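Enquirer: One structure coming up, written as structure tokens, with questions to follow.
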Amino acid sequence: MLTQTVASPRSSPPVTPVVQRPTRKPSLLTIGEAAFAVYALLFFSGGMLTLLGSSALFSLMRYSIMGISGVLVAIRWKRSLAVAQKGGLLWLLLLMMCFSIFWSIYPATSYYSIKGQIIPYSLFCVYFASRFEMRHQLRLFGTALAITAFFSLVYALLFPSVGVHVSPINGEVAWRGIYVDKNAFSGMGTITLLVYFVLSLYNSNKLEKQIARVGVAATICLILLSASLTGLIVFLVLLTCLLVFTRYRWQGKRTVLVSDILLFVLLFGLGFIIIYWFDITTALGKDPTMSSRTTIWAGTMEHIWQRPWLGYGLEAFWQDHNPKAVEVGRVVHRNFVPGHSHNGVIEIWLDIGLVGLFLFFAGYLSTAILAFKRAYRASQPEDFWPLAMVLLMLFYNITEAWSYKQGNFFWVIYMITFLSVRVWPRQSST
């Protein structure tokens, strides 16, 4: 008699048929929220200040973002609260900025920054990080940055009085687009490059990947027109780091060996540049002081040690009527007051002292650790984004104050990344 053997459910589990869900069209609310996000990102990019000045329309944009963000946070209060609870070190840093009004040398300036900058972008960042998963965030960043790049091109070509920057010190002519100067233009170009480059990594969406590659090529051209090599150099360093990381992750001892070799090469290269900095820059026809940055750093450090622990107050130091800022600027050029110190660490130290600097680095390092863990087994573009962002913050803050200057696009995206890497799972859906 033949006996039929039936497989046990444990050894052969039933196969669940894959049911492809129909693609739903986005609702008007979804489209409206995406449009609002792009609108806010355009404002935080800094280009609107150049175009509108300190006008009523500019103020309307600022407070409309704060109001709408507040309403949307309240509507999704449970999700918003859950996201906000992940930002402990970030909120401590922001509270430190707010409390600095009590020891600020210019309390009115600090108060304006708290009211006009900290509150609006904090509300927006909580909303944005809670509403959009990380792939969607990258797409919205890319959309906003593409718009700013387009208008920068238009203004440089059609309205050169606005879109072209002439240095008050040496008369150098360079593109600045819709930004305050060529360095701001180059900085925004760098973050645009990074967004599009990350979107081109491991992207199964072929159309999105091709658009991202075109965006990378176009943005490189714009950065070259800015005559500021800082942005391009930073991007090339970031590109090298990310390519090496993506090539050698998951490979155990081989990864350690390659990392050690690269670290040795980088340290050797850094030492060579430091020793021969004057000769290298002079041979290239450049200023060894990096457009007087080193002079500004030296002058600023003298004043930092006068108030090292709590600083001078939020955005209080670099005021035209501050004798200490005038003293620093006079060393560079007559009647010149820098807008900032051109260094992120120095800027934090100036504003909120060593206490604030400690809070910033504690939050930054914890975010960097989470970013490395996420990128180590990445399979989607958004899994690389937090790592790319923390590396950008590290490298760009050597010669600019992008990590901290209030109302800055870099700082807004850093806040969003700080929250998002803690709330959105790895390999989020596309």
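In numbering that gives the first Met the number 0, the protein residues as written are 0 to 429. Virtual Cβ for every residue (Gly too), placed ideally from N, Cα, C. Since the structure is predicted, the reported quantities are computational estimates derived from the model, not experimental observations.
Considering only the beta carbon of each residue, do Lys85 and Arg421 sit closer than 8 Å?
Expert: Counting from one through the sequence shown, the residue named residue 85 turns up at place 86. Counting from one through the sequence shown, the residue named residue 421 turns up at place 422. For Lys85 and Arg421, yes; Cβs fall inside 8 Å.
Enquirer: Just checking my contact of Gln318 with Thr108 at CB under 8 Å: how many whole Å lie between their CB atoms?
Expert: Taking the first residue of the sequence shown as position 1, residue 318 is located at position 319. Taking the first residue of the sequence shown as position 1, residue 108 is located at position 109. Confirmed, about 6 Å.
Enquirer: Assuming contact is defined by CB atoms lying nearer than 8 Å, are Thr416 and Pro385 in contact in what I supplied?
Expert: Sequence index remark: in the sequence shown, residue 416 carries index 417 (1-based). Sequence index remark: in the sequence shown, residue 385 carries index 386 (1-based). Yes, they are a contact pair.
Enquirer: Should Val194 and Leu242 be called a contact, given that it needs their Cβ atoms to be closer than 8 Å?
Expert: Working through the sequence shown from its first residue, we reach residue 194 at position 195. Working through the sequence shown from its first residue, we reach residue 242 at position 243. Not in contact: Val194 and Leu242 (Cβ atoms no closer than 8 Å).
Enquirer: Helix, strand or coil, according to DSSP, for Trp174 in the structure here?
Expert: As a working note, residue 174 is residue 175 in the sequence shown. Correct three-state label for Trp174: strand.
Enquirer: Using the rule of at least 16 other Cβ atoms within 10 Å of the residue's Cβ for burial, across every protein chain shown, is Ala211 buried or exposed?
Expert: Residue 211 sits at position 212 when you count from the first residue of the sequence shown. Ala211 is buried by the Cβ-count criterion.
Enquirer: Out of curiosity, what's the CA-to-CA distance linking Phe131 and Phe409?
Expert: Your numbering for residue 131 matches position 132 in the sequence shown. Your numbering for residue 409 matches position 410 in the sequence shown. Computed Cα separation, rounded: 18 Å.
Enquirer: Only counting runs of 4 or more residues, tell me where the alpha helix (DSSP H) segments fall wholly within the stretch 365-411, in order along the chain.
Expert: Runs of the alpha helix (DSSP H) inside the stretch 365-411: 380-395.
Enquirer: In chain order, which continuous runs of the alpha helix (DSSP H) of length 4 or greater are located wholly inside the stretch 32-75?
Expert: Listed in chain order, they are 46-51 and 55-74.
Enquirer: How big is the Cα-Cα spacing for Tyr366 and Met392?
Expert: As a first step, residue 366 is located in the sequence shown; it is residue number 367 there, counting from the start. As a first step, residue 392 is located in the sequence shown; it is residue number 393 there, counting from the start. It should be noted that the sequence gives Thr, not Tyr, for residue 366. Going by the C-alpha atoms only, they are around 12 Å apart.
Enquirer: Taking only three categories from DSSP, how would you classify Val336?
Expert: Here residue 336 refers to the residue found at position 337 of the sequence shown. Val336: coil per DSSP, three-state reduction.
Enquirer: Does the stretch 178-198 touch the stretch 136-150, meaning 3 or more C-beta pairs lie closer than 8 Å?
Expert: Cβ pair count under 8 Å is three or more, so yes.
Enquirer: If you draw a straight line from the alpha carbon of Arg333 to that of Glu32, how long is it in whole angstroms?
Expert: Translated into positions along the sequence shown, residue 333 becomes position 334. Translated into positions along the sequence shown, residue 32 becomes position 33. Their backbone Cα atoms lie some 48 Å apart in a straight line.
Enquirer: Examine chain E for any beta-carbon lying closer than 8 Å to the beta-carbon of Ile210, and answer yes or no.
Expert: Here there is only one protein chain, and chain E is not present.
Enquirer: Let me know if Gly270 comes out buried or exposed under the rule of 16 or more other beta-carbons within 10 Å of its beta-carbon.
Expert: Here residue 270 corresponds to residue number 271 of the sequence shown, with the count starting at 1. Bear in mind that the predicted position of Gly270 carries a pLDDT of just 46, short of 50, making it too unreliable to give a figure here.
Enquirer: So, under 8 Å CB-CB, Val72 and Tyr126 are touching, yes? Tell me the CB distance rounded to an integer number of Å.
Expert: As a first step, residue 72 must be located in the sequence shown, where it is residue number 73. As a first step, residue 126 must be located in the sequence shown, where it is residue number 127. About 5 Å separates the two Cβ atoms, so the contact holds.
Enquirer: Hey, quick one: how far does the alpha helix (DSSP H) through Leu135 stretch, first residue to last?
Expert: Position 136 of the sequence shown, counted from the start, is the residue given in the question as residue 135. In the sequence as displayed, the identity of residue 135 is His instead of Leu. Met133 to Leu157 is the span of the alpha helix (DSSP H), which, as asked, contains His135.
Enquirer: At which residue ranges does the stretch 168-240 contain complete alpha helix (DSSP H) runs of 4 or more residues, listed in the order of the chain?
Expert: Within the stretch 168-240, the complete alpha helix (DSSP H) runs of at least 4 residues are 181-198 and 205-224.
Enquirer: In the DSSP output, which residue or residues are listed as bridge partners for His320?
Expert: On the sequence shown, residue 320 is found 321 positions in, with the first residue counted as 1. Partner(s): none; His320 has no beta bridge.
Enquirer: Near Ser103, which residues of its chain fall below 6 Å by C-beta distance, leaving aside the five closest residues on each side in sequence?
Expert: Here the question's residue 103 lines up with position 104 in the sequence shown. So the list reads Ser109, Gly312 and Ala315, once near-sequence residues are dropped.
Enquirer: Pick out whichever of Ser99, Leu93 and Trp76 has its Cα sitting closest to the Cα of Arg411.
Expert: As a working note, residue 411 is residue 412 in the sequence shown. In the sequence under discussion, the amino acid at residue 411 is Val, which differs from the Arg named in the question. Ranking Ser99, Leu93 and Trp76 by Cα distance to Val411 puts Leu93 first.
Enquirer: List the DSSP bridge partners of Val165.
Expert: Within the sequence shown, numbered from 1, the residue matching residue 165 stands at position 166. For Val165, which the question treats as bridged, DSSP gives the partners Val172.
Enquirer: Apart from the five residues on each side of it in sequence, which residues of its chain come closer than 6 Å, Cβ to Cβ, to Ser129?
Expert: As a first step, residue 129 must be located in the sequence shown, where it is residue number 130. These residues qualify, in order along the chain: Arg78, Ser79 and Val82.
Enquirer: From which residue to which residue does the alpha helix (DSSP H) around Ser121 run?
Expert: The residue labelled residue 121 in the question sits at position 122 within the sequence shown. Note, Ser121: alpha helix (DSSP H), Ile118 to Arg130.
Enquirer: By DSSP, does Leu353 sit in helix, in strand, or in coil?
Expert: For the purposes of this step, residue 353 is identified with residue 354 of the sequence shown, where counting begins at 1. It is helical.
Enquirer: With a threshold of 6 Å on Cβ separation, who are the neighbours of Ser225 within its own chain once the five nearest residues in sequence on each side are excluded?
Expert: Translated into the one-based positions of the sequence shown, residue 225 becomes position 226. Closer than 6 Å at Cβ, skipping near neighbours: Ala173, Trp174, Lys181, Phe184 and Ser185.
Enquirer: Since Val233 contacts Tyr363 with CB under 8 Å, what's their CB separation in whole angstroms?
Expert: The residue given as residue 233 occupies position 234 in the sequence shown. The residue given as residue 363 occupies position 364 in the sequence shown. The Cβ separation is near 17 Å, so there is no contact.
Enquirer: Between Ser291 and the ligand FAD, is the CB less than 7 Å from at least one heavy atom?
Expert: With respect to small molecules bound, the structure shown includes none, and the ligand FAD cannot be examined in it.
Enquirer: If you drop the 5 nearest sequence neighbours on each side, which residues of the same chain put their C-beta closer than 6 Å to that of Leu433?
Expert: Since the displayed the chain opens at 0 and closes at 429, residue 433 lies outside it and no answer follows.
Enquirer: Alpha carbon to alpha carbon, what distance is there between Asn321 and Phe335?
Expert: Stepping through the sequence shown from its first residue, residue 335 is reached at position 336. Stepping through the sequence shown from its first residue, residue 321 is reached at position 322. If I take the Cα positions, the gap works out to 12 Å.
Enquirer: Would you tell me roughly how many angstroms separate the C-alpha atoms of Trp423 and Val70, rounded to the nearest one?
Expert: Along the sequence shown, one-based indexing puts residue 423 at 424. Along the sequence shown, one-based indexing puts residue 70 at 71. Cα to Cα, the separation comes out at about 22 Å.
Enquirer: In angstroms with no decimal places, state the Cα-to-Cα distance between Met65 and Met388.
Expert: By one-based count along the sequence shown, residue 65 stands at place 66. By one-based count along the sequence shown, residue 388 stands at place 389. Roughly 25 Å separates the two Cα atoms.
Enquirer: Using only alpha-carbon positions, find the residue among Arg61, Leu152, Ala143 and Phe140 that is nearest to Lys114.
Expert: In the sequence shown, the residue the question calls residue 114 occupies position 115. Out of Arg61, Leu152, Ala143 and Phe140, Arg61 has the C-alpha closest to the C-alpha of Lys114.
Enquirer: What do you reckon, are the CB atoms on Val327 and Ile347 nearer than 8 Å?
Expert: Residue 327 sits at position 328 when you count from the first residue of the sequence shown. Residue 347 sits at position 348 when you count from the first residue of the sequence shown. The answer is no: Cβ separation not under 8 Å.
Enquirer: What is the rounded straight-line gap between the Cα of Pro119 and the Cα of Val197?
Expert: On the sequence shown, position 120 is the one that residue 119 refers to. On the sequence shown, position 198 is the one that residue 197 refers to. Those two C-alpha atoms are separated by around 28 Å.
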